[in-house]
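J.: Residues in the sequence shown are numbered consecutively from -16, following my numbering. Where is the CB? At the ideal position from N, CA and C, for every residue including glycine.
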Amino acid sequence: MVKIPFACGECHLVLDDGVDSCPRCPTARVSSEHQGYVIIMNPTRSEIAKRLKIDRPGKYALKVSIR
Ligand SMILES: [Zn+2]
């Protein structure tokens, strides 16, 4: 069984294993239903980072479904 990590519904950050709240937005909802990963190294130079409003490097989900 593959464990799916949670992703933050607010900033799309993919959380570490066993982490169930986003360290950047603790009040945001998290979801294990997400699609696609993107590693952002340099947010200021990345189009996708701009589109997702990402301003810090990290691993992000492209799409997060919050139920
Ligand atoms: Zn977040």
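(1) Find out if the Cβ-Cβ distance for the pair leucine -4, proline -12 is shorter than 8 Å.
(2) Suppose the cutoff is 7 Å on Cβ atoms and the five residues either side in sequence are ignored; what does the same chain contact list for serine 4 look like?
(3) Can you list, in chain order, the stretches of the beta strand (DSSP E) that have 3 or more residues and sit fully within the segment 2 to 28?
(4) How big is the Cα-Cα spacing for cysteine -9 and glutamate 16?
(5) On the DSSP bridge assignment, give the partners of glycine 41 in chain order.
(6) Using the C-alpha atoms, what's the distance from cysteine -6 back to glutamate 30?
T.: Based on what the coordinates show:
(1) no
(2) Val13
(3) The DSSP assignment places 17 to 23 as complete runs of the beta strand (DSSP E) inside the segment 2 to 28, in order along the chain (cut-off: 3 residues).
(4) 10 Å
(5) Ile23
(6) 16 Å
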